[in-house]
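Heads up: the structure comes next, in C-alpha cells.
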DNA sequence: TGCGTTTTAGATCACTCGATCTATAACTCA
DNA sequence: TGAGTTATAGATCGAGTGATCTAAAACGCA
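Protein chains in written order, with the numbering used here: chain A, 27 to 221; chain B, 27 to 221.
Given below as C-alpha cells:
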C-alpha cells in the first residue's frame with residue numbers, strides 16, 4: 027500500500043560489493059556507492075541505514091555467494107582429499123585471474139576492519155572458523171578413508187590449511203606469481219599425502 | 027646557514043609509523059599525523075612532501091627496524107633450523123602480545139596499498155622477496171647440515187614458510203588465539219624435520 | 001478520485017579532507 | 001648587527017565526506 031522500490035536489492039548490493047571489494051571500506055565514498063548502485067544518497071541511506079550497515083550487508087552477501095556455495099558444491103561432489111585440492115586449485119586460479127588484484131573481500135575485511143569494528147570482527151572470525159571447520163571435516167574424512175596422513179592431528183592440519191589459504195590470498199595481492207602460489211601448496215599437499 | 031629543524035626526524039617518523047600501523051593509510055588523516063608527530067601540517071608537508079611520501083618513508087623505516095634487524099640477529103646467532111623456529115616463535119609471540127591487533131605494517135600495506143599504488147607495490151613485493159630469500163638461505167643451509175628435510179625442494183619450502191608467515195599474521199588480526207597460531211606451525215615444523 | 005504511505009531526487013547540512021599561503025620566528029654567515 | 005635562508009605556526013583553500021531535509025513522485029486502497 028505504498029510506493030514500491032525501483033531498484034533490485036540484490037543487484038544494487040552486488041554493485042556495492044564491487045566497490046567495497048576493489049577499494050576497501052575507507053577508500054569508498056557514499057557517492058561512489060550511490061553512483062555505482064544507480065541510486066541517490068538519500069535512497070541508499072533509506073534502504074540500508076548507513077555506510078557501515080551497507081558494508082555489513084555486502085560482506086554477508088559476498089560470503090554467502092562465494093564461500094557458502096563453493097564449500098557446498100565441492101564437499102558434496104568430491105572425495106575429501108580431492109575436495110581440498112579442488113578448493114585450493116580454484117583459489118589459486120582465482121588469484122591469478124584477478125587483473126585488479128582485489129583478492130578476497132573477507133580476508134581484506136579481516137585486515138582492514140576486524141581489529142577496529144568489534145561486531146564486524148566477530149562476524150569475520152566466525153566465517154574464518156567455518157572455513158576451518160570445512161577443512162577439518164575434509165581432513166577427518168580423509169584420515170578415515172586413508173587418503174590423508176594420520177601423522178598430524180586433524181585439528182592442526184585444518185589450521186594449517188586455513189593459514190595457507192590466507193597466506194596465498196594475501197601474497198597474491200603483492201606478488202601474483204603462479205610459481206609462488208603453487209609452490210606454497212606443494213609441500214602442504216605432500217604433507218597431506220604422506221603415509 | 028638557516029634555521030635548523032626543531033624536531034628529530036626519526037622520532038616523528040616513529041610517531042607516523044604508529045598512526046599508519048594501527049589505522050592504515052586511508053583511515054589516518056594528516057591532522058592525526060601532525061598531532062601525533064608534534065608538528066603542524068605545514069611543517070609536515072615541508073619536511074616530507076605529501077601524505078603518500080610520508081607513508082613510504084614510514085614503511086621503509088618500519089621494515090628496516092623490524093625485518094632487517096631481526097633477520098640479521100637471528101641468522102647470525104642461530105643454526106638454520108633453529109633460526110626458522112626462533113623467527114616464527116617471535117612472530118607468534120608478537121601477534122599474541124598485540125592488544126590493539128595492529129598486525130604487521132608491511133603485510134597490512136600489501137593488502138591495502140600494493141594493488142593500488144604501483145610504486146609502493148614494487149617496494150612491498152621486494153621486501154616479501156627478501157623474506158623469501160631469508161627463508162631460502164635457512165632451508166638450504168639446513169638441508170646441507172641435515173637438520174631440514176630434502177623431501178621437498180628448498181624453493182618450495184621457502185615459499186611455504188613465507189605463506190605461513192603471512193597466514194599467521196593475517197589470521198591473528200581476526201582470531202588471535204594461541205592454539206590456532208601455534209597449530210598452524212606444528213605441521214610445518216614436522217614437515218621440515220621429516221627425515 | 002483522494003488519502004495515506006513510502007520512495008524517490010536534488011539540494012544542502014556541518015564537518016573533515018589533503019594541501020597551501022602568509023607572516024613570523026630562528027638560525028648561519030658575513 | 002644585518003642580510004639571507006629556512007622552519008615554524010595559524011589561518012584557510014576548494015573539494016569531498018557521511019548524513020539529512022524537503023518536496024515531489026509513485027503506488028495501494030478506499
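Where is the CB? At the ideal position from N, CA and C, for every residue including glycine.
Check	Outcome
Let me know the alpha helix (DSSP H) ranges lying completely inside the stretch 107-141 of chain B, each 4 residues or longer, listed in chain order.	131-138
Please return the same chain residues whose Cβ sits closer than 7 Å to the Cβ of residue 60/B, not counting the five positions on each side in sequence.	66, 67 and 70
For a contact defined as C-beta to C-beta under 7 Å, what are the partners of residue 201/B on chain A?	151 and 154
Give the interface partners of residue 44/B over in chain A, defined as CB-CB distance under 7 Å, in chain order.	Those do not exist, as residue 44/B stays about 14 Å from chain A at its closest Cβ, beyond 7 Å.
For residue 40/A, which residues from the same chain have a beta carbon less than 8 Å from its beta carbon, with the 5 sequence-adjacent residues on both sides left out?	87
Quick one: residues in its chain with C-beta nearer than 6 Å to the C-beta of residue 195/B, no 5 flanking neighbours on either side, listed in chain order?	129, 130 and 133
Flag this pair as touching only if the stretch 164-171 of chain A and the stretch 146-155 of chain B have three or more C-beta atom pairs under 8 Å; answer yes or no.	no
Beta-carbon within less than 6 Å of residue 214/A's beta-carbon, same chain only, minus the 5 sequence neighbours each way: which residues are those?	190
Tell me the residue span of the alpha helix (DSSP H) that contains residue 58/A.	56-63
Along the stretch 113-126 of chain B, what residues have a CB closer than 8 Å to any CB found in chain A?	126
Label residue 56/A either buried or exposed according to how many other C-beta atoms from any shown protein chain fall within 10 Å of its C-beta, with 16 as the threshold for buried.	exposed
I believe residue 199/B touches residue 118/B by the beta-carbon criterion, under 8 Å. Please report the beta-carbon distance rounded to the nearest angstrom.	Contact flag wrong, Cβ pair sits at about 14 Å.
Who are the neighbours of residue 165/A on chain B, taking C-beta pairs under 9 Å?	Ordered by position in chain B, no residue passes the 9 Å Cβ test against residue 165/A, which lies about 10 Å from the chain.
With 8 Å as the threshold, decide whether the Cβ of residue 181/A is near any Cβ in chain B.	yes
Hey, residue 140/A and residue 158/A are a contact pair by Cβ (cut 8 Å); roughly how many whole angstroms apart?	Incorrect: roughly 16 Å between the Cβ atoms, too far for contact.
Please confirm whether residue 72/A has its beta-carbon closer than 8 Å to some beta-carbon of chain B.	no
Can you tell me whether residue 194/A is helix, strand or coil according to DSSP?	helix
Taking 8 Å as the limit between beta carbons, can you name the residues of its chain near residue 122/A, skipping five residues before and five after?	198, 202, 204 and 207
What's the call for residue 72/B, buried or exposed, on a 16-neighbour Cβ count within 10 Å?	exposed
Would residue 181/A pass as a contact of residue 106/A if the rule is Cβ separation under 8 Å?	no
Do residue 138/A and residue 147/B have their C-beta atoms closer together than 8 Å?	no
Hey, out of 95/B, 48/B and 42/B, whose CA is closest to residue 142/A's CA?	48/B
Just to check my reading of the structure: residue 210/A and residue 186/B have Cβ atoms closer than 8 Å, yes? What is that Cβ distance to the nearest angstrom?	5 Å
Within 10 angstroms of the Cβ of residue 135/B, are there 16 or more other Cβ atoms? Answer buried if so, exposed if not.	buried
At a cut-off of 7 Å, is residue 57/A close to the ligand HEM when judged by its beta-carbon and the heavy atoms of the ligand?	In the structure shown, the ligand HEM is absent, as is every other ligand, since no ligand is present at all.
Please report the distance separating the alpha-carbon of residue 74/A from that of residue 89/A.	18 Å
How about residue 174/B: is its C-beta nearer than 8 Å to some C-beta of chain A?	no
The alpha helix (DSSP H) with residue 146/B in it runs from where to where?	144-170
Is residue 50/B close to chain A, meaning its C-beta is less than 8 Å from at least one C-beta of that chain?	yes
What number of angstroms, rounded off, separates the C-alpha of residue 161/A from the C-alpha of residue 188/A?	7 Å
Can you list the residues of chain A that residue 178/B reaches, using a CB-CB cut of under 8 Å?	212, 213 and 216
Starting from residue 67/B and walking both ways along the alpha helix (DSSP H), at which residues does that stretch end?	67-74
Whole angstroms is fine: what's the gap from residue 30/A's alpha carbon to residue 36/A's?	15 Å
Let me check understanding here. Comparing Cα to Cα, which of 80/A, 103/A, 53/A and 91/A lies closest to residue 38/A?	80/A
Pick helix, strand or coil for residue 36/B, following the three-state DSSP scheme.	helix
Using the beta-carbon of each residue, which ones in chain A are nearer than 7 Å to residue 41/B?	Near residue 41/B there are no residues of chain A at all, since even the closest Cβ is about 20 Å away, more than 7 Å.
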